[in-house]
Amino acid sequence: GGLGWVVDTYLLDSNPWGLVAGLGLGAAAGIRNAYRSAQRWQS
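Position one of the sequence shown corresponds to residue 1 (my numbering), numbered consecutively onward.
Given below as C-alpha cells:
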C-alpha cells in the first residue's frame, strides 16, 4: 500500500490506482504466505 502511494504521489500522479494495486498485491502476498505456512504446519 505504501509503495503504491509513493508511486502515485511522486512518479505517476495516478491517484488512487497505485495505492489500490499495492494493497491488492500486499493482500495477495499475505494470503499466499499464510497458505504456505499452513501447508508446512500440517505436514
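We treat Cβ as the ideally placed atom computed from N, Cα and C, and that holds for glycine.
The beta carbon of residue 8 sits closer than 8 Å to the beta carbons of 14, 15, 16, 17, 18 and 19 from its chain, once the five residues preceding and following it are set aside; these are given in chain order. Annotation: residue 3 to residue 32 spans about 19 Å, alpha carbon to alpha carbon. Assigned with DSSP and collapsed to three states, residue 37 falls in helix. Taking the CA atoms as reference points, residue 12 sits about 9 Å from residue 6.
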